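> The structure is given below, and queries will be raised subsequently.
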Amino acid sequence: MIDYKHVRLAAGRRWLVTWIFLVLAACLIWRAVDLQLKEGEFLQNHADARHLRVVETAVSRGMILDRNGNHLAISTPVQSVWVEPVEFLGQKSRWQALAAVLETTVEHFDALVAPRREKRFVYLRRHIAPHEAQQIAALKIPGVHLAEEQKRYYPSSEVTSHLLGFTNVDDVGQEGIELAFNELLSGKAGLRRVMRDRLGRVIADVERIQPREPAEDLHLSIDKRLQYAAYRELKTAVSAHQARAGSMVVADIRSGEILALVNQPSFNPNNRDDFAGERYRNRAVTDLFEPGSTIKPFTVAAALEAGSYDESTKVQTAPGHFKVGKHVIRDIRNFGEISIAGVLERSSNVGASRIALSLEAETLWHVFRAAGFGSLTDSGLPGEVFGVFHDHRNWREIEHATLAFGYGLSVNALQLTRAYMTLADDGFIKPLSIVRTSKPAWREPALSTATAKTVRRMLKKVVANGTGKAAQVDGFAVAGKTGTVHKISTQGYVEDQYLSLFAGMLPVEQPRFVAVVVIDEPHSGEYFGGRVAAPVFANVMTEAVRIFNLTPSEPSATEFPELTALASFDEVWR
Amino acid sequence: MRTGFLILLLAALAFASSIQLVVNRHEARSLFVQLQTLRAEEAEINREWGQLLLEQATWGTQGRVETIAREQLSMITYHRVPGRHQ
């Protein structure tokens, strides 16, 4: 029955089929091995390139706050428009609609994008308003995209502009605090590798390449209310006296913290159009001036430190002028024989020079150096200058004499503030701080406590009876010194260009605040420091004692006005 | 007999673990989606907070408060009362 011939044939077929399958299987296995081992890496890379992306986890810039936690600088997200040039250039028919939203012209787009055709990314407009962003998103023009960026806002605007500085369009600090503390405020964006699906949605975190370092908020030593008061009073005075510029610094004596720092003219940091170097310079830090009579307390301090003078020592200033070499030093009139307290009270140049010339140059130099003239205040504000104060070995006699009343050296407002702080803090010098702090980084003796107390007592008389009467603050004893400085130009000292200064502190017994007012080139006819700068001090300090709740130490001299405002009280609340 | 049992057990465990792997993968995906949603929500809330802070700071500007105090509430500055410091 069995046909062996057929069976053999069937066996042959079976082998054939088996072999075909074996060969095919071998091919498949070979291919699999080939893909996996030989080309595996190459293919994996390609797959990753399609699906894996490194994305940035954005960090928003830290906020800047005042000492009480009020916000002075805030970052909020805004949209920027960017385009893919090749695609965008193919959509010219729709440019008109986009131009209308951005309030620009089609030609502008062409000029901006056409030369950059090779690029893959071109910004069309940065930092647009939210409603514009919505309109652009609604247009759905291919190749036009929105990107989220941060924009910095300064709610206090002109009031804090010099102090805070500003950032550029890429959110990098350019001036002021923004520059000085840029690293701290910036933080560091994190980087992570993610897997994305075909539609570009992130579907898995693969790897964290760089951890995100959140930006820190910065608490300044500034008090927003006092800063505003200083800004308002300085601005009022600068415009009332038609002055070219002005600065004011207020500091807390106990900690060295700067409570207010303002300059005029100011600018609006939220509007990047009106930026001009002249306006955004932080004059209190960068500008040098000769301190004039405001340095006399240190001349007197040097005399007291030398031991050859005491409070009652008399100085002969008659006849109101005297010659040093071929130069003549003058007072505004003949004060006759006065005590060294009188030299400060009347602001006698002759008296101050006579005192200085009776001292060793080194003694005078030493006391001025100790009070911080010619050195940085360590405030950390950018652009701070050392000032000019020559070594005593290079002094000529005339320099020795004029230094006594503040000519021949230059300082900035911060330095003068710190020098007065040294008198206020019983002779201890310390750094100024722009950051909120409870105690200074260091505190070293510069003058003896007795000297500092004596000079303070004399400065109290300057405000009570002398040139500084306009600096009186109701309920508090003020110590301070006025200064009126002839400005130097290339032709030497100019007669009608002055600097009006006032530097002072209160309360005298245990000083809490020190402030310096500088008004540059008043042109109202008045230019004496006691008439121009001292009232600014008084007005700002009146606010300061109220804001910081200082207990009055003197009887109040003010008769309260009739409270006519009470009549309208009902109307307001009805 | 014992070897056969062991093989069966291991096979069952391998199967169970593969199922578990699928379940975990799925769970990871859905948790990740949730995380992404929450991140977006956080960003949105932060943005709103920033804008509210800005608004608060702008309304609370000293200059604005002073103007309202003077003009609407008829308040006066105590130290600017006539007779004190020019």
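Residue numbers (the working numbering), protein chains in the order written: chain Z, 1 to 574; chain W, 1 to 86. Ideal Cβ placement from N, Cα and C applies to all residues, glycine included. These numbers were taken from a predicted model, which means no experiment stands behind them.
In chain order, what residues of the same chain lie with their CB nearer than 6 Å to the CB of His523/Z, ignoring the 5 residues before and after it?
Along the first sequence, one-based indexing puts residue 523/Z at 523. Answer for His523/Z: Gln242, listed in chain order.
> For Gln36/W and chain Z, any beta-carbon pair shorter than 8 Å?
As a position in the second sequence, residue 36/W is number 36, starting the count at 1. At least one chain Z Cβ lies under 8 Å of Gln36/W.
> State the DSSP-derived secondary structure class of Ser312/Z, mapped to helix, strand or coil.
Taking the first sequence and counting its residues from 1, the one referred to as residue 312/Z is at position 312. The answer is coil: DSSP assigns Ser312/Z none of H, G, I, E or B.
> Please classify Asp496/Z as buried or exposed, where buried requires at least 16 neighbouring CB atoms within 10 angstroms.
On the first sequence, position 496 is the one that residue 496/Z refers to. Residue burial is scored here from C-beta neighbours: Asp496/Z has fewer than 16 other C-beta atoms within 10 angstroms and is therefore classed as exposed.
> Output the boundary residues of the alpha helix (DSSP H) element that contains Lys460/Z.
By 1-based counting over the first sequence, the position of residue 460/Z is 460. Lys460/Z -> alpha helix (DSSP H) spans 449-464.
> Which of helix, strand or coil does DSSP assign to Ser339/Z?
Within the first sequence, residue 339/Z is the residue found at index 339, counting from 1. Residue state, collapsed to three classes: strand.
> Pick helix, strand or coil for Glu148/Z, following the three-state DSSP scheme.
Residue numbering aside, residue 148/Z sits at position 148 when the first sequence is read from its first letter. Glu148/Z falls in the strand class under three-state DSSP.
> Apart from the five residues just before and just after Val86/Z, which ones in its own chain have a Cβ nearer than 8 Å to its Cβ?
Taking the first residue of the first sequence as 1, we reach residue 86/Z at position 86. So the qualifying residues of the chain are Arg117, Gly143.
> Can you tell me the Cα-Cα spacing of Tyr527/Z and His486/Z, whole angstroms?
By 1-based counting over the first sequence, the position of residue 527/Z is 527. By 1-based counting over the first sequence, the position of residue 486/Z is 486. Answer to the nearest angstrom: the Cα atoms are 10 Å apart.
> Which parts of the segment 215-259 of chain Z are runs of the alpha helix (DSSP H), unbroken and 4 residues or longer, counting only runs that do not cross its ends?
224-240, all fully within the segment 215-259 of chain Z.
> Anything in chain Z within Cβ reach of Gln20/W, meaning under 8 Å, just list it in chain order.
Taking the second sequence and counting its residues from 1, the one referred to as residue 20/W is at position 20. Per Cβ cutoff of 8 Å: no residues; Gln20/W is ~19 Å from chain Z at best.
> Distance check for Asp252/Z and Ala452/Z, CA to CA, integer angstroms please.
Counting from one through the first sequence, the residue named residue 452/Z turns up at place 452. Counting from one through the first sequence, the residue named residue 252/Z turns up at place 252. Each residue's alpha carbon lies about 17 Å from the other.
> Going by DSSP in three states, Ser93/Z sits in which element: helix, strand or coil?
Within the first sequence, residue 93/Z is the residue found at index 93, counting from 1. Ser93/Z falls in the helix class under three-state DSSP.
> For Trp59/W, which three-state DSSP category applies?
Residue mapping note: residue 59/W aligns to position 59 of the second sequence, counting from 1. Looking at Trp59/W - three-state DSSP - the assignment turns out to be helix.
> Name, please, each residue of chain Z whose Cβ falls closer than 8 Å to the Cβ of Arg47/W.
What you label residue 47/W is simply residue 47 of the second sequence in a count that begins at 1. Here the neighbours are Thr76, Pro77.
> Using only the alpha-carbon positions, how far apart do Glu337/Z and Pro535/Z sit?
Here residue 337/Z refers to the residue found at position 337 of the first sequence. Here residue 535/Z refers to the residue found at position 535 of the first sequence. Take the alpha-carbon of Glu337/Z and the one of Pro535/Z: they are about 30 Å apart.
> If the cut is a Cβ gap below 7 Å, which residues of chain W does Pro155/Z touch?
Your numbering for residue 155/Z matches position 155 in the first sequence. The answer, in chain order, is Leu54, Ala57, Thr58, Thr61.
> For Arg29/W, would you say it is in contact with chain Z, using Cβ-to-Cβ distances shorter than 8 Å as the test?
Taking the second sequence and counting its residues from 1, the one referred to as residue 29/W is at position 29. By this cut-off, Arg29/W is an interface position.
> Does any residue of chain W have a CB that is nearer than 8 Å to the CB of Ile203/Z?
For the purposes of this step, residue 203/Z is taken as the residue at position 203 of the first sequence. For Ile203/Z, the answer is yes, since a Cβ of chain W falls inside 8 Å of its Cβ.
> Looking at the structure shown, is Met1/W part of a helix, part of a strand, or coil, going by DSSP?
By 1-based counting over the second sequence, the position of residue 1/W is 1. Secondary structure at Met1/W: coil, using DSSP grouped into helix, strand and coil.
> Let me see if you follow: with CB-CB separation under 8 Å, is Gly50/W close to chain Z or not?
Here residue 50/W corresponds to residue number 50 of the second sequence, with the count starting at 1. Closer than 8 Å to some Cβ of chain Z, the Cβ of Gly50/W qualifies, so yes.
> Just the C-alpha distance for Gly483/Z and Ala515/Z, rounded to the nearest angstrom, thanks.
In the first sequence, residue 483/Z corresponds to position 483, counting from 1. In the first sequence, residue 515/Z corresponds to position 515, counting from 1. Going by the C-alpha atoms only, they are around 14 Å apart.
> Excluding the 5 residues preceding and the 5 following Val83/Z in the sequence, name in chain order all residues of the same chain whose CB lies nearer than 6 Å to its CB.
Reading the first sequence from its first residue, position 83 is the one you call residue 83/Z. Only Val122, Leu124, Gly143, Val144 meet the Cβ criterion.
> Would you call the CB atoms of Arg196/Z and Arg61/Z closer than 8 Å?
Along the first sequence, one-based indexing puts residue 196/Z at 196. Along the first sequence, one-based indexing puts residue 61/Z at 61. The answer is no: Cβ separation not under 8 Å.
> If the cut is a Cβ gap below 9 Å, which residues of chain Z does Phe32/W touch?
Here residue 32/W corresponds to residue number 32 of the second sequence, with the count starting at 1. Neighbours of Phe32/W on chain Z, chain order: Val202, Ile203, Ala204, Asp205.
> Using three-state DSSP, classify Trp19/Z as helix, strand or coil.
Here the question's residue 19/Z lines up with position 19 in the first sequence. Three-state result, Trp19/Z: helix.
> Hey, would you say Val250/Z sits closer than 8 Å to Leu234/Z, going by beta carbons?
On the first sequence, residue 250/Z is found 250 positions in, with the first residue counted as 1. On the first sequence, residue 234/Z is found 234 positions in, with the first residue counted as 1. Contact flag unset, no.
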